[in-house]
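Notes follow once the structure below has been shown.
There are 2 protein chains.
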Amino acid sequence: MESRNVPKSSVTVRELIRTNYTSLTPSERKFAQALLDNYPSAGLTSITAAARNANVSVPTVARMINKLGFTGYPPFHHALLQELEAKALGPTERRAKWASEAPETHQLNRFTETVMRNLEQTFANIDSAQFDAAVKAMAETSSHLYVVGGRITQSLATYAFTHFQAVREHTTHMTSVSATWPHYVLDMQKGDVLLVFDIRRYDAGLMRLAEQATREGVQVVLITDQWTSPVADWADYTFNCWVEIPSAWDSNVATMLLLEAMIAAIQEENWPRARARYDRLEDLFDRMNLFRRS
Amino acid sequence: MESRNVPKSSVTVRELIRTNYTSLTPSERKFAQALLDNYPSAGLTSITAAARNANVSVPTVARMINKLGFTGYPPFHHALLQELEAKALGPTERRAKWASEAPETHQLNRFTETVMRNLEQTFANIDSAQFDAAVKAMAETSSHLYVVGGRITQSLATYAFTHFQAVREHTTHMTSVSATWPHYVLDMQKGDVLLVFDIRRYDAGLMRLAEQATREGVQVVLITDQWTSPVADWADYTFNCWVEIPSAWDSNVATMLLLEAMIAAIQEENWPRARARYDRLEDLFDRMNLFRRS
DNA sequence: TCGATTGTGTCAAATTATTTTCAGGCGGTT
DNA sequence: AACCGCCTGAAAATAATTTGACACAATCGA
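Read top to bottom, the protein sequences are chains A and B. Everything in the first sequence is counted per the UniProt record's numbering, starting at 1 for the first residue and increasing by one. Everything in the second sequence is counted per the UniProt record's numbering, starting at 1 for the first residue and increasing by one.
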């Protein structure tokens with residue numbers, strides 16, 4: 001990793017930051033983020049101004065730049081300028097495309113644009129009080145947490161389960177085979193929580209499951225699309241995710257973001273315990289020799 | 001005439017040069033040309049370097065800048081930088097103010113903010129030519145497409161598989177049980193494609209799998225994190241996703257977005273066939289009475 | 001809890017950039 | 001031909017940036 005990172009003309013500063021990111025200290029990363037957030041403008045001023053804008057000290061910037069392989073700030077500044085010129089942002093009035101070198105009309109950009117709009121809608125519509133309440137319920141480790149998904153959202157449920165499992169005990173992933181659901185309901189108790197994913201092509205079975213669970217005194221948290229699954233009738237907390245994209249299927253990026261936000265919040269809610277579990281997990285991985293130490 | 005040349009924020013330096021051009025001396029014009037030829041890069045260095053590049057003296061530049069209405073070189077430099085920043089608007093740049101009603105400091109907003117930054121970084125680092133090439137390889141229906149993931153990314157692999165299956169034939173999801181992988185490799189043929197997800201806590205088995213697949217003449221597409229999995233050594237196409245969040249685990253929102261963009265692109269690549277498959281799928285759902293018509 | 005290590009900001013010296021001053025040079029006019 | 005106005009770059013004075021040394025703070029491991 002630390003192999004010589006002499007900045008060749010063909011290597012962008014962005015790439016240098018990426019390849020050296022692991023060797024950067026927290027405040028160096030802070031500066032790196034500030035630079036990448038406003039690339040390359042943030043690096044085209046004096047080191048003094050650049051440091052001030054990132055809220056770090058000047059030497060921190062200088063040290064980071066050395067780590068990147070530059071001999072000083074001026075060479076770094078010069079490298080950024082070279083990139084800028086190479087992008088041909090200069091002579092012609094060509095539109096600046098700093099976020100991605102792909103052209104405006106490239107499907108990658110069009111797609112991203114649409115998804116961004118979905119994220120916007122999704123988060124503009126979340127009620128934070130409801131979010132907090134749902135998180136609190138799901139963080140309660142004395143009761144059981146069940147996770148279930150539909151056809152497409154099954155993998156989201158798996159993802160949720162994998163992380164919940166690391167954060168808290170008493171978590172169960174209900175398979176997508178609806179025939180097995182009654183078995184799970186059998187064990188549900190008052191105060192338990194059921195997290196349901198239901199994105200369109202709503203699953204009728206999920207509604208019946210939610211109904212039965214509610215009757216058992218279980219709190220239901222529903223993550224659905226903008227049109228709202230019928231499961232909402234039995235849900236205590238409902239969250240709508242905007243999923244529409246110009247395609248035959250739906251985008252679940254917003255769903256994923258909401259889910260991760262919930263996991264993060266739950267982790268925060270009972271941190272000491274979660275931390276202990278993570279440490280234990282790491283230890284178990286080591287013992288079982290499953291992953292390379294990176 | 002000179003009195004009204006106070007550089008307002010909305011007036012570009014370019015315009016200032018044009019309106020004041022007649023009042024410029026020969027060598028001042030020489031510098032003006034050099035600046036316009038390489039706009040705005042030529043003005044984003046020190047006055048010394050800028051003057052040298054235009055083959056004029058430093059005072060000449062200083063005088064010209066005064067004529068344009070600036071009080072010195074630094075304000076001029078700053079104005080150019082502002083213009084540059086104002087132009088840099090990418091697909092992910094819209095995040096500006098769509099926070100939910102929750103307060104700035106609510107964890108929901110803080111989390112979202114971080115993820116947005118990851119999305120930005122991810123897409124700024126994608127090479128569109130590479131993306132196109134990888135998509136083309138994966139869209140080739142005459143060869144087989146294999147999908148495999150690691151511990152956490154297993155669910156992403158499942159998600160990918162579910163969608164690929166709808167879009168094209170000959171798709172196989174390799175389970176995360178590495179003991180079964182040799183069986184799959186047995187069937188791999190030259191020209192087939194293997195899509196690998198490997199986010200940190202890299203899986204050593206995945207690397208060996210990629211190595212063997214490569215030896216069989218299979219093209220490997222890798223989706224990894226910003227630090228790059230060792231699988232990259234055997235991959236024909238590598239895509240880095242920014243995954244770091246202030247937490248014990250990694251965010252896969254960016255990974256999901258990239259994956260969906262790929263699915264969308266593949267669908268686009270051979271639309272008629274994909275469309276026929278979707279219609280057929282809908283029909284089958286109806287016949288099997290699996291989902292409520294919504 | 002205590003060292004050892006690592007990270008981070010303050011400070012000051014050295015360097016470099018910016019501004020100002022000034023003198024030479026070039027055309028055009030008397 | 002000599003004078004005058006203006007343009008231009010050299011050089012000095014001033015202001016700023018850059019960088020290395022140092023000390024304090026935070027973190028980690030024993």
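Every residue gets a Cβ at the ideal spot worked out from N, C-alpha and C, and that includes glycine.
- With the criterion set as a beta carbon lying under 8 Å from some beta carbon of chain B, the members of the region 143-155 of chain A are 151, 152, 154, 155, in sequence order.
- Neighbours of residue 194 (chain A) in chain B, taken as residues whose beta carbon is under 9 Å from its own, are absent, since the nearest beta carbon is some 19 Å off.
- For the 8 Å CB-CB criterion, residue 108 (chain A) and residue 128 (chain B) form a contact.
- Per DSSP, the continuous alpha helix (DSSP H) segment holding residue 184 (chain A) begins and ends at 181-187.
- Among the residues of the region 247-279 of chain B, those with a Cβ less than 8 Å away from any Cβ of chain A are 247, 248, 249, 251, 252, 253, 256, 257, 260, 261, 263, 264, 265, 267, 268, 274, 275, 278, in the order of the chain.
- By the neighbour-count definition (other C-beta atoms within 10 Å, threshold 16), residue 83 (chain B) is a buried residue.
- Each residue's CA atom was taken as its position, placing residue 255 (chain B) and residue 139 (chain A) some 26 Å apart.
- In the three-state reduction of the DSSP assignment, residue 173 (chain B) falls in the strand class, which pools E and B.
- Contacts with chain B (Cβ-Cβ distance below 7 Å) from the region 103-131 of chain A involve 106, 107, 108, 109, 111, 112, 113, 115, 116, 120, 123, 124, 126, 128, 131, listed in chain order.
- In this structure, the beta-carbon distance from residue 158 (chain B) to residue 144 (chain B) does not fall below 8 Å.
- Nearest Cα to residue 46 (chain B) within the set A:267, A:78, A:258: A:78.
- Residue-level contact by beta carbon fails for residue 198 (chain A) and chain B, as no gap is shorter than 8 Å.
- Proximity of residue 73 (chain A) to chain B, defined by a Cβ-Cβ separation below 8 Å, is not satisfied.
- Around residue 219 (chain B), the same chain offers 137, 191, 192, 193, 194, 236, 237 as residues with beta carbons nearer than 8 Å, after the five sequence neighbours per side are excluded.
- Looking from the CA of residue 249 (chain B), the closest CA among B:204, B:62, B:225, B:48 belongs to B:225.
- For residue 227 (chain B), a Cβ of chain A is located within less than 8 Å of the residue's own Cβ.
- The beta carbon of residue 61 (chain B) lies closer than 7 Å to those of 31, 47, 50, 51 in the same chain, with the five residues before and after it left out.
- If you keep only unbroken alpha helix (DSSP H) runs of at least 4 residues inside the region 183-223 of chain A, you get 204-215.
- As a beta-bridge residue in DSSP terms, residue 239 (chain A) pairs with A:223.
- Comparing alpha-carbon positions, the option among B:279, B:272, B:198, B:269 lying closest to residue 241 (chain B) turns out to be B:198.
- Distance from the CA of residue 229 (chain A) to the CA of residue 232 (chain B), rounded to the nearest whole angstrom, comes to 41 Å.
- Here residue 183 (chain A) is exposed, its C-beta having fewer than 16 other C-beta atoms within 10 Å.
- Chain-order list of chain B residues neighbouring residue 163 (chain A): 249, by C-beta distance under 7 Å.
- Taking 8 Å as the cut-off, the beta carbon of residue 34 (chain A) is found no closer than this to the beta carbon of residue 111 (chain B).
- By the rule that beta-carbons nearer than 8 Å mark a contact, residue 21 (chain A) touches chain B.
- Separation of the CB atoms of residue 262 (chain A) and residue 216 (chain A) is rounded to 23 Å, and the pair is thereby denied contact status at 8 Å.
- Of the candidates A:118, A:57, A:169, A:118 places its Cα closest to the Cα of residue 245 (chain A).
- According to the DSSP assignment, residue 44 (chain B) belongs to no alpha helix (DSSP H), since it is labelled neither H nor E.
- Counting only residues of its own chain and dropping the five nearest sequence neighbours on each side, residue 56 (chain B) has a CB closer than 7 Å to the CB of 27, 30, 31.
- When DSSP states are grouped into helix, strand and coil, residue 135 (chain B) belongs to the helix group.
- For residue 21 (chain B), no beta strand (DSSP E) encloses it, and the DSSP letter there is neither H nor E.
- Neighbourhood of residue 33 (chain A) in chain B, by CB distance below 8 Å: 117, in chain order.
- The continuous beta strand (DSSP E) containing residue 147 (chain B) extends over residues 145-148.
- For residue 28 (chain B), the enclosing alpha helix (DSSP H) covers residues 26-37.
- If you ignore the 5 residues before and after residue 43 (chain B), its C-beta comes within less than 8 Å of the C-beta of 13, 35, 50, 76, 77, 80, all in its own chain and listed in chain order.
- Residue contact check for residue 85 (chain A) against chain B: a CB pair falls below 8 Å.
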